[in-house]
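K.L.:
Take a look at this one; I'll ask things after.
Shown next as structure tokens:
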């Protein structure tokens with residue numbers, strides 16, 4: 001369940017023109033309650049990438065939120081594509097960091113220029129069903145993957161733990177010879 005979604009959607013003054021044009025593929029998730037979620041595309045994504053994301057990233061990096069990894073994702077959320085709203089979702093597994101980041105963005109007033117966008121928070125991105133498994137502290141390590149573990153690796157997402165605050169996580173892929181890179 002998205003804890004702050006109901007609070008966000010009640011405060012909109014302006015609707016996005018043709019929200020269905022900004023709805024991409026539907027995201028299969030149960031964490032959006034009764035509402036559906038879609039990948040953002042079109043005008044909503046363009047506005048987010050060109051006008052909002054740089055300020056959002058700077059605000060989160062400058063906040064000094066400790067060593068937590070934070071994702072900032074844009075989704076279209078609503079009952080139908082025609083009534084969906086672009087929601088900037090702050091995702092972090094640390095509840096205190098997530099709440100602090102969300103309230104920092106709300107209090108900054110940065111989104112007042114974009115009243116058609118909402119802000120929400122979730123422990124994980126909507127497309128991710130479970131937390132990623134940390135393999136190590138450095139993505140440059142030359143790690144051999146035992147053949148018996150290969151089937152488990154293909155089934156689960158993996159990410160590196162970070163020493164510094166980061167937006168997103170480095171995702172590892174497995175080469176043909178069983179090495180992570």
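Residue numbers (our numbering): 1 to 181.
Ideal Cβ placement from N, Cα and C applies to all residues, glycine included.
#1: For residue 94, collect the residues of the same chain with a Cβ closer than 7 angstroms to its Cβ; drop the 5 residues on either side in sequence, then sort them by chain order.
#2: Would you mind working out which of 30, 38, 81 sits nearest residue 73, comparing C-alpha positions?
#3: Could you give the residue range of the beta strand (DSSP E) that holds residue 29?
#4: Can you have a look at residue 14 and say buried or exposed, based on whether 16 or more other CB atoms are within 10 angstroms of its CB?
#5: Of the residues 117, 20, 105, 91, which one's Cα is nearest the Cα of residue 126?
#6: Could you please give the first and the last residue of the uninterrupted alpha helix (DSSP H) stretch that includes residue 52?
#7: Would DSSP call residue 45 helix, strand or coil?
#8: Could you give the distance in angstroms between the alpha-carbon of residue 122 and the alpha-carbon of residue 43?
P.N.:
A quick look at the data gives this:
#1: Residues of the same chain with a CB within less than 7 angstroms of the CB of residue 94, apart from the 5 flanking positions on each side, are 68 in chain order.
#2: The closest CA to that of residue 73, considering only 30, 38, 81, is found on 38.
#3: It is not in any beta strand (DSSP E) - residue 29 carries neither H nor E in the DSSP assignment.
#4: When all chains shown are included, residue 14 counts as exposed.
#5: Selected option, being the one with the closest Cα: 91.
#6: No alpha helix (DSSP H) contains residue 52, which DSSP labels as neither H nor E.
#7: Residue state, collapsed to three classes: helix.
#8: Put simply, the backbone Cα of residue 122 is about 24 angstroms away from that of residue 43.
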